[in-house]
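Protein chains: 2
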Amino acid sequence: MPTLSRVTTTAEEAMSIKYNTMVYDLKRQGKNVLVLSLGEAFFEIPLFSFKDLPFPGIYHYSHSRGIPELRTSLAKYFKESYDFPFDPEQEIIITAGSKAAIHMTFMSILDPGDEVIMQEPLWVSYPEQVKLCYGVPVQVPYNETVYDFEKYITKKTKAIVVNSPHNPTGYVYTKKELNHLLKLARKHDIWLLCDEAYSDFAEAGEFVSLGSIDKKKEHSIIFNSISKNYGISGWRLGYVISNKDVIYNVLKANQHLITCPATILEYYIAAHFLEILKITKPQIKQLLNKRMEISNYMEKIGLQRLPGGATFYFFVSINPSKLTSEEFCTKLLQERYISAVPGLGYGKSCDKFIRVSVGTATFEDNKRGLDNIKELIDITS
Amino acid sequence: MPTLSRVTTTAEEAMSIKYNTMVYDLKRQGKNVLVLSLGEAFFEIPLFSFKDLPFPGIYHYSHSRGIPELRTSLAKYFKESYDFPFDPEQEIIITAGSKAAIHMTFMSILDPGDEVIMQEPLWVSYPEQVKLCYGVPVQVPYNETVYDFEKYITKKTKAIVVNSPHNPTGYVYTKKELNHLLKLARKHDIWLLCDEAYSDFAEAGEFVSLGSIDKKKEHSIIFNSISKNYGISGWRLGYVISNKDVIYNVLKANQHLITCPATILEYYIAAHFLEILKITKPQIKQLLNKRMEISNYMEKIGLQRLPGGATFYFFVSINPSKLTSEEFCTKLLQERYISAVPGLGYGKSCDKFIRVSVGTATFEDNKRGLDNIKELIDITS
Chain A
165 MPTLSRVTTT
175 AEEAMSIKYN
185 TMVYDLKRQG
195 KNVLVLSLGE
205 AFFEIPLFSF
215 KDLPFPGIYH
225 YSHSRGIPEL
235 RTSLAKYFKE
245 SYDFPFDPEQ
255 EIIITAGSKA
265 AIHMTFMSIL
275 DPGDEVIMQE
285 PLWVSYPEQV
295 KLCYGVPVQV
305 PYNETVYDFE
315 KYITKKTKAI
325 VVNSPHNPTG
335 YVYTKKELNH
345 LLKLARKHDI
355 WLLCDEAYSD
365 FAEAGEFVSL
375 GSIDKKKEHS
385 IIFNSISKNY
395 GISGWRLGYV
405 ISNKDVIYNV
415 LKANQHLITC
425 PATILEYYIA
435 AHFLEILKIT
445 KPQIKQLLNK
455 RMEISNYMEK
465 IGLQRLPGGA
475 TFYFFVSINP
485 SKLTSEEFCT
495 KLLQERYISA
505 VPGLGYGKSC
515 DKFIRVSVGT
525 ATFEDNKRGL
535 DNIKELIDIT
545 S
Chain B
165 MPTLSRVTTT
175 AEEAMSIKYN
185 TMVYDLKRQG
195 KNVLVLSLGE
205 AFFEIPLFSF
215 KDLPFPGIYH
225 YSHSRGIPEL
235 RTSLAKYFKE
245 SYDFPFDPEQ
255 EIIITAGSKA
265 AIHMTFMSIL
275 DPGDEVIMQE
285 PLWVSYPEQV
295 KLCYGVPVQV
305 PYNETVYDFE
315 KYITKKTKAI
325 VVNSPHNPTG
335 YVYTKKELNH
345 LLKLARKHDI
355 WLLCDEAYSD
365 FAEAGEFVSL
375 GSIDKKKEHS
385 IIFNSISKNY
395 GISGWRLGYV
405 ISNKDVIYNV
415 LKANQHLITC
425 PATILEYYIA
435 AHFLEILKIT
445 KPQIKQLLNK
455 RMEISNYMEK
465 IGLQRLPGGA
475 TFYFFVSINP
485 SKLTSEEFCT
495 KLLQERYISA
505 VPGLGYGKSC
515 DKFIRVSVGT
525 ATFEDNKRGL
535 DNIKELIDIT
545 S
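Structure representation (structure tokens):
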């Protein structure tokens, strides 16, 4: 067999996928697994009819920037909700999920050897996407802050990427922190990328979009996700917003990589844009309340976690357990049938943490999961 | 503004997209344009209900190889239709369109500087995708044959890519030709990639899948498209079939680039797999009959084209016109309101050709288009 590329051979699978596959196998064996490892929240949403959508347009390619109706609705929503105006004609492209949007953006800004600064814990695809573009991820340990970032900037630095609200901590970057990062970006002429896929999963007034403070988007590139905010992660609809030059390069990448997201789903979301939000928003609010209660419960039983109040994730410390995060999660799954994701998957500095996702289980089940985690920490200390 | 990457800044937009955008603008001005430039055929297909699909599974991520039901149906179909057996568990991955499948495959086999041999006329995304992976496309002029390919093989050659049935000529590679290419691949230890997206758009018995002659898939990687064969190009469902090691690397790329195609559409197609084919197949047959009649008509009025009997494309010679293919198509569009795609978009050796797609217009309209093309050739000679 001819050889395969180094870049994909050395690429790592997401740790969360590995553990979710183990869950799947246990379930097939008939085990009752408590799943705290999913990157999704489940909402109650109806399925509207597809019959009224533009026919036969739903079957064919759409504009490779995304259908105009949806771009216009998003522009209106961003202006009203996030004080973030953009031109729906030239400053946005709708893609097959925000993951693709981020990858094509790295492709659009990085030359080989360029460095991208990102802080742990981090979503595994950031460093892997950078490497797939022949760039170099520069990972800042979890216990530093954005005010420590400047020392990581070199002549090869091309971008800083942050994620707010943050997966897996739930942290929301403050306006002051974003302004500091933007100042760095301007001073060193580098890009600031902000992944805001969980923008609706924060308490009212807490979330600040990078787009509201860099309205010209001269240094900013913002990602967001229809899939996440609408509870339809499997529909693969995301987007990237920036100035028209960035978007034009992403557009060209998109034309050669994917063409467009599934047209029929673009039309569906455009037709029910506000209607679905009206259904999901109260459920997100409930989820945040549940998060708060769970956070209080963790406080009560003495489980430490990194600061954060948004999303449905907690990044929980397993100190003083002597186990590595992989050993811990494997034991938790194989002996107690509870799945969480090892912190190591979020960076080398995070091997004393695990990610717990409270998006799908009931409050009682989450409590049971946390009790077991606490117990396992205690008996392995 | 910080700089953008060289690789996307120098990437070319597909010529077809450029001309289709011009068509769109003319239509907005109220002009009645005869469109012979689309990369799609339009079929009459019903829209089945989405209500019976697995709920709420349709909203969530699917397995990143694609849902098992669809992989199994495809394996059965390939064995029966193309004498091409593969393991649905490990030898296929369903992606958001075959374009993404091809890109992620280039990513999975190419190291920077590796060369890929491909013959003109060619689909613009092949060379652009290779360049986006830091590989080097090596383009063979249109007037050579597969028996001339060996002289293009160097120490840096990593793959040969062919497209059968071929866009834009309609040519179907013979078993003898594929065997010759496979012999080259084995002799030089390189990959042979075959894009078979138009496999159903050929006369019965004419099409030979590469997978039927390299059953171990040790040197072969095969792409195909649900979007094309089902007349739903906008749904972005394609796949790649090869040995498990290739597929594993593509899987990792897919996990970091896209995750999965739109889950709800995977379930829809799995539920109506044979039903939709039963509806589209007779329409494809009609389309091939139309192609034959149009071919006869071109013969009658003296329009030359490259050999081919499949798909809904013709690659028509504009010799002895003195115009370049871009000048020709611009004139055709602006003076006669007929759109075709300049041959230059398919390679430097093809500037005396244009692509005519007969997939969407009526027979009478196609005739009128061809009469105008002939006339324009004559008056610009």
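Chain order of the listed sequences is A and B. For the first sequence, our numbering puts the final residue at 545, and the numbers step up evenly by one. For the second sequence, our numbering puts the final residue at 545, and the numbers step up evenly by one. Heads up, the beta-carbon is just placed ideally off N, CA and C, and yes, glycines get one too. Computed from a prediction, not measured in an experiment: that's the story for all the values here.
Subject >> Members of the region 363-391 of chain B that neighbour chain A once the beta carbon cut-off is set at 8 Å >> reply: Glu382 and His383
Subject >> Neighbouring residues, chain A, relative to phenylalanine 206/B (Cβ below 9 Å) >> reply: On the second sequence, residue 206/B is found 42 positions in, with the first residue counted as 1. Within chain A, the residues near phenylalanine 206/B are Pro220, Tyr223 and His224.
Subject >> Residues that glutamine 419/A contacts on chain B, provided the C-beta gap is smaller than 8 Å >> reply: On the first sequence, position 255 is the one that residue 419/A refers to. Here the neighbours are Glu177, Ala178, Ile181 and Ser289.
Original post:
For serine 545/A, which residues from the same chain have a beta carbon less than 7 Å from its beta carbon, with the 5 sequence-adjacent residues on both sides left out?
Top reply: Locating residue 545/A in the first sequence gives position 381, counting from the first residue. Here the set comprises Pro484, Ser485 and Lys486.
**OP:** May I ask you to verify whether the region 386-396 of chain B touches the region 342-353 of chain B, counting CB pairs closer than 8 Å and requiring at least 3?
**Re:** no
Original post:
How big is the Cα-Cα spacing for glycine 230/A and proline 425/A?
Top reply: Residue numbering aside, residue 230/A sits at position 66 when the first sequence is read from its first letter. Residue numbering aside, residue 425/A sits at position 261 when the first sequence is read from its first letter. If I take the Cα positions, the gap works out to 7 Å.
Subject >> Cα-Cα separation, alanine 366/B to glycine 473/B >> reply: Here residue 366/B refers to the residue found at position 202 of the second sequence. Here residue 473/B refers to the residue found at position 309 of the second sequence. Answer to the nearest angstrom: the Cα atoms are 7 Å apart.
Original post:
Can you find a C-beta in chain B that's less than 8 Å from the C-beta of isoleucine 257/A?
Top reply: Translated into positions along the first sequence, residue 257/A becomes position 93. No, because no Cβ of chain B sits closer than 8 Å to the Cβ of isoleucine 257/A.
Original post:
When the distance is taken between beta carbons, is leucine 452/B closer than 8 Å to threonine 333/B?
Top reply: Taking the second sequence and counting its residues from 1, one reaches residue 333/B at position 169. Taking the second sequence and counting its residues from 1, one reaches residue 452/B at position 288. No, the Cβ-Cβ distance between threonine 333/B and leucine 452/B is not below 8 Å.
Original post:
Closest to asparagine 115/A by CA distance: which of Cys514/A, Ile543/A, Ile518/A and Lys495/A is it?
Top reply: No statement about residue 115/A is possible, as the shown extent of chain A runs from 165 to 545 and does not include it.
Original post:
Leaving out the 5 sequence neighbours to the left and right, which residues in its chain are closer than 6 Å to cysteine 297/B when beta-carbon positions are compared?
Top reply: Taking the first residue of the second sequence as 1, we reach residue 297/B at position 133. So the list reads Phe270, Met271 and Leu274, once near-sequence residues are dropped.
**OP:** With distances taken Cα to Cα, identify the nearest neighbour of aspartate 359/A among Ile422/A, Val300/A and Ala323/A.
**Re:** Position 195 of the first sequence, counted from the start, is the residue given in the question as residue 359/A. Here the closest residue by C-alpha is Ala323/A.
Original post:
Does the region 168-175 of chain A come close enough to the region 408-421 of chain B that 3 or more CB-CB pairs lie under 8 Å?
Top reply: yes
Original post:
Less than 8 Å separating the beta-carbons of arginine 235/A and isoleucine 266/A?
Top reply: Sequence index remark: in the first sequence, residue 235/A carries index 71 (1-based). Sequence index remark: in the first sequence, residue 266/A carries index 102 (1-based). No, the pair does not count as a contact, with Cβ atoms beyond the cut-off.
Original post:
Hey, is aspartate 353/B's beta-carbon within less than 8 Å of any beta-carbon in chain A?
Top reply: The sequence position of residue 353/B within the second sequence is 189, counting from 1. Yes, aspartate 353/B counts as interfacial toward chain A.
Subject >> aspartate 216/A versus Ala361/A, Pro252/A and Ala435/A, residue with shortest Cα-Cα distance >> reply: By 1-based counting over the first sequence, the position of residue 216/A is 52. Out of Ala361/A, Pro252/A and Ala435/A, Ala435/A has the C-alpha closest to the C-alpha of aspartate 216/A.
Subject >> Reduced DSSP secondary structure (H/G/I, E/B, other) of aspartate 529/B >> reply: Taking the first residue of the second sequence as position 1, residue 529/B is located at position 365. If DSSP states are grouped into helix, strand and coil, aspartate 529/B belongs with the helices.
**OP:** Scan the region 388-436 of chain B and note each continuous alpha helix (DSSP H) run of 4 residues or more that stays entirely inside, going in chain order.
**Re:** 390-393, 408-421 and 427-435
Subject >> Completely contained beta strand (DSSP E) runs for the region 444-493 of chain B, where each covers 3 or more residues >> reply: 477-481
**OP:** Have a look at lysine 512/A and threonine 321/A and give me their C-alpha separation to the nearest angstrom.
**Re:** Here residue 512/A refers to the residue found at position 348 of the first sequence. Here residue 321/A refers to the residue found at position 157 of the first sequence. If I take the Cα positions, the gap works out to 21 Å.
Subject >> Listed by chain order, chain B residues near valine 171/A by CB distance under 8 Å >> reply: Mapped onto the first sequence, residue 171/A falls at position 7. Under the 8 Å cutoff, chain B gives Met271 and Asp275.
Subject >> Within the region 335-373 of chain B, ranges of the beta strand (DSSP E) (whole runs, at least 3 residues) >> reply: 355-359
Original post:
Within the 8 Å Cβ cut-off, does alanine 264/A reach chain B?
Top reply: Taking the first sequence and counting its residues from 1, one reaches residue 264/A at position 100. Alanine 264/A counts as touching chain B.
Original post:
Does DSSP put lysine 538/A in a helix, a strand or coil?
Top reply: As a working note, residue 538/A is residue 374 in the first sequence. Three-state DSSP puts lysine 538/A in a helix.
Original post:
Is the region 277-286 of chain A touching the region 246-265 of chain A in the sense that three or more CB pairs, one from each, lie closer than 8 Å?
Top reply: no
Original post:
Going by DSSP, what residues sit across from threonine 327/A in a beta bridge?
Top reply: Here residue 327/A is taken as the residue at index 163 of the first sequence, counted from 1. The residue you asked about is not threonine; residue 327/A is asparagine in the sequence shown. Partner(s): Asp359/A.
Original post:
Are the region 177-197 of chain B and the region 402-409 of chain B in contact at 8 Å, needing three or more beta carbon pairs?
Top reply: no
Original post:
If you compare alpha carbons, which of Ile541/B, Ile428/B and Pro291/B is closest to glutamine 468/B?
Top reply: In the second sequence, residue 468/B corresponds to position 304, counting from 1. That would be Ile541/B, whose Cα lies nearest to the Cα of glutamine 468/B.
**OP:** Consult DSSP for arginine 229/B and reduce its assignment to one of helix, strand or coil.
**Re:** As a first step, residue 229/B is located in the second sequence; it is residue number 65 there, counting from the start. Arginine 229/B falls in the coil class under three-state DSSP.
Original post:
Taking Cβ-Cβ distances below 7 Å as the criterion, which residues of the region 283-316 of chain B are in contact with chain A?
Top reply: Ser289, Glu292, Gln293, Leu296 and Tyr298
Original post:
According to DSSP, what are the bridge partners of phenylalanine 517/A?
Top reply: Taking the first sequence and counting its residues from 1, the one referred to as residue 517/A is at position 353. DSSP, once it has assigned bridges, lists Ser481/A as partnering phenylalanine 517/A.
Subject >> Neighbourhood of threonine 423/B by C-beta, 7 Å cutoff - its chain only, sequence neighbours within 5 removed >> reply: In the second sequence, the residue the question calls residue 423/B occupies position 259. Cβ within range, chain order: Tyr225 and Ser228.
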